[in-house]
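A.B. asks:
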Amino acid sequence: MANMKYIPCLALGALSGLVCSLPATAADGLSVEHLGTSNTLVRVSDDARYVLFPVEESVDDAALTLLLDGRQESTFYVRLARNKVDYYVPFDISRYKGRNIIFNIVTAQGRSSVREASDDACWKTICLSDTFDIADDVGKYRPAYHHTPLYGWMNDPNGMFYRDGVWHLYYQYNPYGSKWQNMTWGHSSSTDLINWDHHSPAIEPNGFGSVFSGSCVVDSAGSAGFGPGAVVALYTSAGLNQMQSLAHSADGGDTFTVYLGNPILTLESEARDPNMFWNAETGEWNMLLAHALDREMLIFSSHDLKTWTLQSAFGKGLGAQDGVWECPDLMRLPVEGTGEHKWVLICNLNPGGPFGGSATQYFVGDFDGKTFTADTDAEGRVPTKWMDYGKDHYATVSWSGAPDGRHVVIGWMSNWQYAAEVPTRRYRSANTLPRDISLFRSDDGGCYLKTVPSPELLALRDRRVTSVRRKTVGASPARYALPADGLCEIEMSLNARKASAVTLTLSNSAGEEVVMTYDPAAASFSVDRTRSGLTDFSHDFPAVVTAPTLASSAPQTVRIFVDRSSVEVFDGDGRFVLTNLVFPTSPYRTLSIAAAGGKATVSDLGIHSIKTDK
Ligand code: FRU
């Protein structure tokens with residue numbers, strides 16, 4: 085899958101339908117030999133780019149061991165179809181050209197005879213192909229302007245770094261199914277943070293286990309010994325234990341060599357998701373590791389990225405503690421409008437988020453290269469602060485080396501509560517829009533993250549389909565049409581001093597709606613997706629989420645990004661964000677604005693259609 089673009093392919097070979105009509109025992113170039121009720125050999129005898137494995141999502145994994153010239157190369161897991169084929173996943177065999185290729189497959193138990201096992205749908209539908217089509221899942225919910233994998237499952241963003249105009253984004257990836265499994269670092273890159281090129285997986289499971297989350301840096305000075313400018317990745321090897329491993333890249337992050345001295349760090353208890361950065365103040369590397377079950381972050385330092393010295397632990401008993409701590413990040417950010425800088429420690433937590441499941445909390449404080457000390461509030465307590473108040477914002481971390489002193493973050497736009505159940509098929513999960521972060525002081529004196537859509541996203545705006553300078557609204561709603569494809573950015577300023585609430589409703593002809601409510605007295609902004617479309621795939625999905633606006637004075641400005649399966653609401657000044665998935669059965673076509681308890685004024689309303697070729 086070298087450098088596949090997200091362009092539905094037209095030459096689809098055997099894959100355009102869901103079932104290949106092939107003889108019961110073999111497709112061209114493949115032979116299927118049943119050794120026992122749960123053991124089958126598939127021999128490949130032809131050159132082709134891919135073996136296409138048929139998947140049925142609801143069955144258990146089969147273990148597939150690839151034998152090359154009789155030797156065991158790797159084992160991976162696929163939910164091989166028993167009753168019906170939900171979709172196919174490609175296994176690239178072009179790299180093994182000229183070798184003898186056999187898959188030794190152990191399927192889950194459950195059949196009583198070889199004859200019964202040989203009736204499984206997968207043996208009739210497995211096939212070879214030179215092409216792989218993703219077109220059949222492009223339609224309804226695949227985002228038009230958010231990063232998604234071409235196919236397969238995705239969770240955390242990993243190892244992001246920026247270099248020479250290119251934003252690299254790796255991610256927790258299952259190339260062989262749309263549920264969590266076979267953790268691999270998938271790889272995409274972009275020059276504008278909007279359009280993503282998709283590359284071959286960058287780091288694949290190896291003898292130490294699968295490849296969990298981690299980070300990358302560009303080692304300009306070559307301190308790790310892999311040459312100046314090498315890209316160095318640290319990730320968690322997850323086998324019997326969780327250990328930290330290193331891989332390095334000499335070609336700018338396209339391919340990585342796994343370090344032979346791995347693991348570079350082992351601890352007695354579960355620790356994962358190494359996040360490292362160059363600390364210019366101390367002239368050392370720092371790394372944070374999530375001490376997941378102990379609900380604290382471990383802080384290390386190093387001169388060579390290989391030998392790490394534990395300096396301290398942060399967080400025991402602090403902040404939200406109702407879940408495991410994962411995916412840390414630590415960075416020095418400016419406090420807007422002051423000459424001041426503070427350190428921010430990002431801590432992803434699952435479950436235990438403010439509205440259930442996964443969420444991202446953060447701590448503001450000081451860091452001396454060894455110890456992070458969180459600021460306390462007027463009562464002497466360390467306050468719990470949330471980076472995003474939506475249900476679908478997790479594993480958020482920042483790009484290393486972003487230009488112009490920027491700090492750009494991206495999060496996984498889902499929630500472990502239902503990520504594997506959302507109604508998409510060939511792929512699962514998208515990332516949030518990229519956001520630039522800094523700090524601000526609120527009216528209460530507290531220091532909070534300011535989160536704004538990255539400026540690159542202005543390029544998404546196509547036409548301003550609606551422009552209203554000023555409009556007074558009351559109980560009967562003012563209605564505005566949204567673009568036919570439902571894709572838009574909506575901006576406006578709300579003056580609600582005389583009203584008790586203003587509601588902004590996105591709706592479609594099926595009566596599905598997302599209701600956003602600004603309550604000036606409570607200084608809160610909420611999003612209700614209980615009637616947003618498909619919601620019953622998980623009882624945790626229907627939800628009303630609420631953010632504090634952290635501002636007492638009007639007006640309240642917002643920027644709302646609507647994609648095919650998400651709504652992201654940003655406060656115009658970056659004081660709060662709410663990121664939520666939605667699955668309307670048809671696009672939202674109307675925005676209605678109403679005020680309760682008195683009149684409200686809407687000004688500078690702009691509805692922009694979105695420039696996209698997807
Ligand atoms: C967070 C996480 C990480 C881990 C990865 C595994 O979502 O649990 O802690 O490295 O996912 O896929």
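Each residue of the sequence shown is one higher than the one before, starting from 85 at the first, in this note's numbering. Ideal placement from N, C-alpha and C gives every residue a C-beta, glycine not left out. Note that the structure is a prediction, hence the values are computed from the model and not measured.
Which class does residue 208 belong to by DSSP, given the choice of helix, strand or coil?
C.D. replies: Residue 208 falls in the helix class under three-state DSSP.
A.B. asks: Just the C-alpha distance for residue 588 and residue 634, rounded to the nearest angstrom, thanks.
C.D. replies: Cα-Cα distance, rounded: 20 Å.
A.B. asks: Would you list the residues sitting across from residue 652 in a DSSP beta bridge?
C.D. replies: Paired residues: 645, 663.
A.B. asks: Can you tell me whether residue 174 is helix, strand or coil according to DSSP?
C.D. replies: Looking at residue 174 - three-state DSSP - the assignment turns out to be strand.
A.B. asks: With a floor of 3 residues, list each beta strand (DSSP E) that falls wholly inside the stretch 392-426, ordered by position along the chain.
C.D. replies: You should have 393-398, 408-418.
A.B. asks: Can you tell which of 285, 290, 690, 189 has its C-alpha closest to the C-alpha of residue 343?
C.D. replies: The option with the nearest alpha carbon to residue 343 is 290.
A.B. asks: Taking 7 Å as the cut-off, is the C-beta of residue 256 nearer than that to any heavy atom in the ligand FRU?
C.D. replies: Result yes, Cβ under 7 Å from the ligand FRU.
A.B. asks: Can you tell me whether residue 102 is helix, strand or coil according to DSSP?
C.D. replies: Low per-residue confidence applies at residue 102: pLDDT is 29, beneath 50, and the placement is therefore not dependable enough to give any value.
A.B. asks: Quick check on the DSSP output: what are the complete alpha helix (DSSP H) runs of length 4 or more inside the stretch 481-537, in order along the chain?
C.D. replies: The qualifying runs do not exist here; there are none.
A.B. asks: Does at least one heavy atom of the ligand FRU sit under 7 Å from the Cβ of residue 286?
C.D. replies: No, the beta carbon of residue 286 sits no closer than 7 Å to any heavy atom of the ligand FRU.
A.B. asks: Looking only at its chain, what residues have a beta carbon closer than 7 Å to the beta carbon of residue 95, apart from the 5 residues adjacent to it on each side?
C.D. replies: A caution first: residue 95 carries a pLDDT of 28, below 50, which makes its placement in the model too unreliable to give a value.
A.B. asks: Taking the beta carbon of residue 697 as the centre, do at least 16 other beta carbons fall within 10 Å, making it buried, or is it exposed?
C.D. replies: When all chains shown are included, residue 697 counts as exposed.
A.B. asks: Alpha carbon to alpha carbon, how far is residue 410 from residue 376? Give it in angstroms, no decimals.
C.D. replies: Using only the alpha carbons, I get a separation of about 6 Å.
A.B. asks: In its own chain, which residues sit with a C-beta less than 6 Å from the C-beta of residue 575, not counting the 5 before and 5 after it?
C.D. replies: If we look at residue 575 and ignore the five residues flanking it on each side, its Cβ neighbours are 643, 690.
A.B. asks: Measuring from the CB of residue 479, is there a heavy atom of the ligand FRU at a distance below 7 Å?
C.D. replies: It does: the Cβ of residue 479 is within 7 Å (strictly closer) of some heavy atom of the ligand FRU.
A.B. asks: Is the CB-CB distance between residue 448 and residue 523 below 8 Å?
C.D. replies: For residue 448 and residue 523, yes; Cβs fall inside 8 Å.
A.B. asks: Under a three-way DSSP split, which group does residue 305 fall into?
C.D. replies: The answer is coil: DSSP assigns residue 305 none of H, G, I, E or B.
A.B. asks: What residue range does the alpha helix (DSSP H) around residue 198 cover?
C.D. replies: Element bounds for residue 198: 198-201.
A.B. asks: Could you give the residue range of the beta strand (DSSP E) that holds residue 270?
C.D. replies: 268-274 is the span of the beta strand (DSSP E), which, as asked, contains residue 270.
A.B. asks: Return helix, strand or coil for residue 539, following the three-state DSSP convention.
C.D. replies: Correct three-state label for residue 539: helix.
A.B. asks: Using a threshold of 7 Å, is the CB atom of residue 410 nearer than that to any non-hydrogen atom of the ligand FRU?
C.D. replies: Checking the Cβ of residue 410 against the ligand FRU gives yes.
A.B. asks: For residue 412 and residue 429, I'd like the C-alpha separation in whole angstroms.
C.D. replies: Answer to the nearest angstrom: the Cα atoms are 7 Å apart.
A.B. asks: Flag residue 391 as yes when its Cβ comes closer than 7 Å to any non-hydrogen atom of the ligand FRU, and as no otherwise.
C.D. replies: Outside the cutoff, so no.
A.B. asks: Let me know the secondary structure DSSP gives residue 564 once reduced to three states.
C.D. replies: The answer is strand: DSSP assigns residue 564 an E or B state.
A.B. asks: So what does residue 279 bridge to, in DSSP terms?
C.D. replies: None, per the DSSP bridge assignment.
A.B. asks: For residue 179, does the three-state DSSP call read helix, strand or coil?
C.D. replies: Three-state result, residue 179: helix.
A.B. asks: Can you tell me the Cβ-Cβ gap for residue 704 and residue 324, rounded? I've got them flagged as a contact below 8 Å.
C.D. replies: With the chain represented from 85 up to 698, any question about residue 704 goes unanswered, as that position is not in the structure.
A.B. asks: Give the C-beta separation of residue 397 and residue 382 to the nearest angstrom, bearing in mind that I take them to be a contact with Cβ-Cβ under 8 Å.
C.D. replies: That belief holds up - the Cβ atoms of residue 397 and residue 382 are roughly 5 Å apart, short of 8 Å.
A.B. asks: If you draw a straight line from the alpha carbon of residue 551 to that of residue 532, how long is it in whole angstroms?
C.D. replies: Residue 551 and residue 532: Cα-Cα distance of roughly 32 Å.
A.B. asks: For a test of your reading of the model: does the CB of residue 357 fall under 7 Å from any non-hydrogen atom of the ligand FRU? Yes or no.
C.D. replies: It does: the Cβ of residue 357 is within 7 Å (strictly closer) of some heavy atom of the ligand FRU.
A.B. asks: Consider the C-beta atom of residue 267 and the heavy atoms of the ligand FRU; say whether any pair is separated by less than 7 Å.
C.D. replies: Yes, since a heavy atom of the ligand FRU falls inside the 7 Å radius drawn around the Cβ of residue 267.
A.B. asks: Does DSSP classify residue 377 as helix, strand or coil?
C.D. replies: Three-state result, residue 377: helix.
A.B. asks: Count the other CB atoms, across all protein chains shown, that sit within 10 Å of the CB of residue 684; report buried if there are 16 or more and exposed otherwise.
C.D. replies: Its Cβ being crowded by 16 or more others within 10 Å, residue 684 is buried.
A.B. asks: Which value, in whole angstroms, describes the spacing of the CA atoms of residue 144 and residue 278?
C.D. replies: Rounded to whole angstroms, residue 144 to residue 278 spans 36 Å at the Cα level.
A.B. asks: Any heavy atom of the ligand FRU closer than 7 Å to the Cβ of residue 290?
C.D. replies: Not under cutoff, so the answer is no.
A.B. asks: Can at least three beta-carbon pairs, one atom from the stretch 446-462 and one from the stretch 482-501, be found at a separation below 8 Å?
C.D. replies: The stretch 446-462, when compared against the stretch 482-501, does not touch it at the 8 Å Cβ threshold.
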